[in-house]
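Add 3 to the 1-based position in the sequence shown for the working numbering, that's all there is to it.
We put the CB at the ideal spot given by N, CA and C, even for glycine.
Report on the structure given below.
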Amino acid sequence: MPKKTRHLSGKLHVTGRSLFIGEEHISADMCHVAVVFSTCAHGRIISMDAVSAKALSGVHAIITAADIPGENNIAHGNNDNQPLLPADTVMYVGQPIALVVADSRQVALEAASRVTVNYEEMPAILSIDAAVKANQLYVPPRKIQRGDVARAFAEADCIIEGEVKIGAQEHFYLETQRCLATPDEDGGITLYAATQSTTEVQAVAARVLGLANHKITVDVKRLGGAFGGKESQGTLWAGLAALAAHYTHKSCYLELRRIDDIMATGKRHPFENTYRLACSADGRILGYEVILKSNGGAYIDLSLAILERGLYHSDHAYFIPNISITGYACKTNLPPNTAFRGFGAPQGIFPIEIALQQAAEKLGIDPIEIRKRNCYITGQTAPYGMEVCDPVGREMLEELEALASYKQLRNKVDEYNASHQYHKQGIGVVPGKFGISFTTGFLNQGSALVWIYTDGTISLSHGGVEMGQSVNAKVASVVARTLGVSMDRIRVESANTKRVGNASPTAASTGSDINGYAAENAAKKLKRRLSRMAVRYFSERGIACVEEDLVFADDAVVSGDARVSFADLVNFAYTHYCDLGSHGYYFTPGITFNREKGRGTPFYYFVFGAALAVSQVDLLTGEYECKKIYIVHDSSQSLNPDIDLGQIYGAFVQGYGYCTMEDISFNDKGQYLALTPSTYKFPTICDIPPTFKIKLLDLLREHASVLGSKAVGEPPFIYGLAGWFALYDALKRSVPQGSAIDLAFPATPEAVLMAKVQSAKKETV
Ligand code: LUZ
Ligand code: MOS
Numbered sequence: 004m005p006k007k008t009r010h011l012s013g014k015l016h017v018t019g020r021s022l023f024i025g026e027e028h029i030s031a032d033m034c035h036v037a038v039v040f041s042t043c044a045h046g047r048i049i050s051m052d053a054v055s056a057k058a059l060s061g062v063h064a065i066i067t068a069a070d071i072p073g074e075n076n077i078a079h080g081n082n083d084n085q086p087l088l089p090a091d092t093v094m095y096v097g098q099p100i101a102l103v104v105a106d107s108r109q110v111a112l113e114a115a116s117r118v119t120v121n122y123e124e125m126p127a128i129l130s131i132d133a134a135v136k137a138n139q140l141y142v143p144p145r146k147i148q149r150g151d152v153a154r155a156f157a158e159a160d161c162i163i164e165g166e167v168k169i170g171a172q173e174h175f176y177l178e179t180q181r182c183l184a185t186p187d188e189d190g191g192i193t194l195y196a197a198t199q200s201t202t203e204v205q206a207v208a209a210r211v212l213g214l215a216n217h218k219i220t221v222d223v224k225r226l227g228g229a230f231g232g233k234e235s236q237g238t239l240w241a242g243l244a245a246l247a248a249h250y251t252h253k254s255c256y257l258e259l260r261r262i263d264d265i266m267a268t269g270k271r272h273p274f275e276n277t278y279r280l281a282c283s284a285d286g287r288i289l290g291y292e293v294i295l296k297s298n299g300g301a302y303i304d305l306s307l308a309i310l311e312r313g314l315y316h317s318d319h320a321y322f323i324p325n326i327s328i329t330g331y332a333c334k335t336n337l338p339p340n341t342a343f344r345g346f347g348a349p350q351g352i353f354p355i356e357i358a359l360q361q362a363a364e365k366l367g368i369d370p371i372e373i374r375k376r377n378c379y380i381t382g383q384t385a386p387y388g389m390e391v392c393d394p395v396g397r398e399m400l401e402e403l404e405a406l407a408s409y410k411q412l413r414n415k416v417d418e419y420n421a422s423h424q425y426h427k428q429g430i431g432v433v434p435g436k437f438g439i440s441f442t443t444g445f446l447n448q449g450s451a452l453v454w455i456y457t458d459g460t461i462s463l464s465h466g467g468v469e470m471g472q473s474v475n476a477k478v479a480s481v482v483a484r485t486l487g488v489s490m491d492r493i494r495v496e497s498a499n500t501k502r503v504g505n506a507s508p509t510a511a512s513t514g515s516d517i518n519g520y521a522a523e524n525a526a527k528k529l530k531r532r533l534s535r536m537a538v539r540y541f542s543e544r545g546i547a548c549v550e551e552d553l554v555f556a557d558d559a560v561v562s563g564d565a566r567v568s569f570a571d572l573v574n575f576a577y578t579h580y581c582d583l584g585s586h587g588y589y590f591t592p593g594i595t596f597n598r599e600k601g602r603g604t605p606f607y608y609f610v611f612g613a614a615l616a617v618s619q620v621d622l623l624t625g626e627y628e629c630k631k632i633y634i635v636h637d638s639s640q641s642l643n644p645d646i647d648l649g650q651i652y653g654a655f656v657q658g659y660g661y662c663t664m665e666d667i668s669f670n671d672k673g674q675y676l677a678l679t680p681s682t683y684k685f686p687t688i689c690d691i692p693p694t695f696k697i698k699l700l701d702l703l704r705e706h707a708s709v710l711g712s713k714a715v716g717e718p719p720f721i722y723g724l725a726g727w728f729a730l731y732d733a734l735k736r737s738v739p740q741g742s743a744i745d746l747a748f749p750a751t752p753e754a755v756l757m758a759k760v761q762s763a764k765k766e767t768v
């Protein structure tokens, strides 16, 4: 049964035989590319000295902006210009300013380190505050409003106000940024690029080289992780490798060292948000006002789309009758911040969750209860006017209470706290509601190409990039189910611009939805053609049947007692002039948004769920441990429950690391301080508690995607926030009721300790 399929490359992975970029298509005379990075956050390049670099034996070329034959602009969209290599002004530490091409990686790196650059330093803006003061915004502030917020506050029984600073996050994909560029015979270039977007790499490489798009081929077999870090940011490195290959007429390979990757690539956007919440005495939200400010870094990249997703998730799972949401995207001299699983939604969701948590405390309502009371119900609309279809937030929280035996759990935690002075436990709960679709409407399209060969085996190409999430297994299972064949008949090909052009980035959790639908459409066409052939096959053998009665299952086509194997039918079809190749296309209907009015339908549907975490804090050291995790999640008619579970485990852990341990800091020169996993703490297997229960629900609702399934990549990231709230709750249990806790995000052990100290100080005043 396709539903039980394993990861298609599982065997290759565990035996170490799977190939990643830079492990295939290499040649003996291949060159290696090293990058000269800016060490200055903002400044003019006065001079560059590459004499001693050039003198090294094995160095072929030093390439600068002057060598770019086409347009020196790799910007995403029309709102900005981002040079491939800056001609005079550098905008961030880590910006590539020159390339060294050499025989070996060692020589290339050594030569790059010998290039010296003199800068005339200019003032660097690093913080959100400084950018706002200098009016360095990518676009005028965005707004979404509904109702009468002032009146809601005038009528409120309880008002909560606060400010939250939310940290960045490093993707730490195992495979760093890389690209192998090989020249074609006609002046074109083939790029084996670590990217989630074959299309954007193709277009950008063509633009900077002054070539037509059809001269650039992009091929991606699989990525060693991406998480959004290769949605737009693979493009820069692929563009540089393409430039090197174009310039030298040789195969050129560029692979970032880990420290360079962390130094030079964008992170999840840090946000600074202020919020005000107005509630009635029974905990109903009357009004909410929130201002989101993101640190976008030195070029616009995906900052606008990320801010938008933040705005669209500021209500989270809750109906808010009167609301005002404002968003700023700030321009600073950090590497351009970029897509990261969740894409602005976590930063938009956190303020309403902390506000509700604080309202619950103030009003003496259970934190789950206050959330349940405010969840969307059928017929209610989001602040941007779209009806929230199939709202099941409340049901999810009830399922979660049952899964975690919440009442007993609460009692146990209270007992523990009553008997321990220096250790406290806490419970954190968050629901999840995540909008599915690219908010940039036209990206919601996919296509697929299916060939059935004469022996009945199948070649499948689709627009999605395999990055470990098993999009290939899911899309293949759609084809297998549509044609009634086993999975081992199907070979999924690399993502390649020649087989699937104009593919959208594999992002926004839509990979299986849009490409799965496209593959289903391609397979349906083949099924119709094969059905006609089957009728003919049977009638030639004296069996009368009609197309409607045929069943495609178990690698055969059956009509009553008559049966033909899939392979025999395919061979019959081929010899009777039947086209066995098919292209399928799909676009998500109904996605529109009016940015001036702040109204529209940015999503096709929502994914719901809820999570609960129990953590224990050592009040003397700030150290803590997550003890238990419970998650309920609506996968509807999952294409593959095992894959969904894998995504939920992974997303939770990534979200948990984000809000409790991953601490990105930079100095006043705009340099990131932690460039290795020895100084940047992210979660490992040791941080995962033995109790980690996930329950997949199939609520069989109206709005879902291909074969009744739902997207799963990003929505469970939100569940990680439960880990932050568990720490917050534990700290609350250590201070007298009514005193405030100011816990940082991420809640590192240091932050936990400081939060305690701060509240203790407040108590003594
Ligand atoms: N990328 C994008 C995304 O271009 N638009 C989106 O809405 C989005 N959402 C999540 C992740 N990547
Ligand atoms: Mo993305 S954050 O590449 O879906």
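Query: Complete runs of the beta strand (DSSP E) confined to the region 656-744 [at least 3 residues]; Result: 694-700
Query: Beta-carbon spacing of residue 608, residue 526 below 8 Å; Result: no
Query: Sequence-distant residues of its chain with Cβ nearer than 7 Å to residue 662 (five each side left out); Result: 723, 724, 726, 727, 748, 749, 750
Query: Cβ contact check for the region 237-247 and the region 120-134: 3 or more pairs under 8 Å; Result: no
Query: Within the region 352-439, ranges of the beta strand (DSSP E) (whole runs, at least 3 residues); Result: 426-439
Query: For residue 233, the three-state DSSP class (helix, strand or coil); Result: coil
Query: Local Cβ density within 10 Å of residue 213, reported as buried at 16 or more and exposed below that; Result: exposed
Query: Local Cβ density within 10 Å of residue 768, reported as buried at 16 or more and exposed below that; Result: Interpretation of residue 768 is limited by its pLDDT of 36, a score under 50 that renders its predicted location unreliable; no figure is taken from the coordinates.
Query: Cβ-based burial, residue 647 [other Cβ within 10 Å; buried from 16]; Result: buried
Query: DSSP three-state assignment for residue 50, whether helix, strand or coil; Result: strand
Query: Rounded C-alpha distance that separates residue 458 from residue 562; Result: 22 Å
Query: Cut-off 6 Å between Cβ atoms - residues of its own chain near residue 498, not counting five sequence neighbours on either side; Result: 201, 223, 468
Query: Nearest-angstrom Cα separation, counted from residue 334 out to residue 134; Result: 6 Å
Query: Residue 194, DSSP secondary structure in three states; Result: strand
Query: DSSP state of residue 343 mapped onto helix, strand, coil; Result: coil
Query: Near the ligand LUZ: residue 604 beta-carbon under 7 Å from a heavy atom; Result: no
Query: Top-ranked residue by Cα proximity to residue 150, from 88, 596, 388; Result: 388
Query: Distance CB(residue 173)-CB(residue 683) smaller than 8 Å; Result: yes
Query: Rounded distance between the beta-carbons of residue 24 and residue 182, thought under 8 Å; Result: 7 Å
Query: Inside the region 70-158 only - alpha helix (DSSP H) runs reaching at least 4 residues; Result: 108-117, 131-136, 152-157
Query: Run of the beta strand (DSSP E) containing residue 462, from where it starts to where it stops; Result: 461-465
Query: Counted within 10 angstroms of its Cβ, other Cβ atoms place residue 676 as buried (16 or more) or exposed; Result: exposed
Query: Same chain only: Cβ atoms within 7 Å of residue 167, ignoring 5 sequence neighbours per side; Result: 276, 353, 354, 357, 748
Query: The ligand LUZ heavy atom lying under 7 Å from the CB of residue 341; Result: no
Query: Entirely enclosed alpha helix (DSSP H) segments - the region 547-624, minimum 4 residues; Result: 569-578
Query: Residue 12 versus residue 340: straight-line alpha-carbon distance, rounded; Result: 31 Å
Query: Exposed unless 16 or more other CB atoms sit within 10 angstroms - verdict on residue 263; Result: buried
Query: Beta strand (DSSP E) segments (min. 3 residues) lying fully within the region 162-189; Result: 181-186
Query: Every unbroken alpha helix (DSSP H) inside the region 215-282 [4 residues or more]; Result: 237-251, 261-267
Query: Coarse secondary structure for residue 9, derived from DSSP in three states; Result: coil
Query: Backbone CA spacing between residue 482 and residue 221 [nearest angstrom]; Result: 24 Å
Query: Per-residue DSSP class, three states only, for residue 767; Result: Confidence is the limiting factor: at residue 767 the pLDDT is only 42, short of 50, which leaves the residue's position unreliable, though a coordinate-based value still follows. Here residue 767 sits in helix by DSSP.
Query: Whole-Å CB distance - residue 43 paired with residue 93, under 8 Å assumed; Result: 5 Å
Query: Cutoff 8 Å: residue 679 Cβ touching any chain B Cβ; Result: The chain inventory of the structure shown lacks chain B, comprising one protein chain alone.
Query: Contact the region 193-207 vs the region 460-477: 3+ CB pairs below 8 Å; Result: yes
Query: Residue 234 Cβ short of 7 Å to the ligand LUZ heavy atom set; Result: yes
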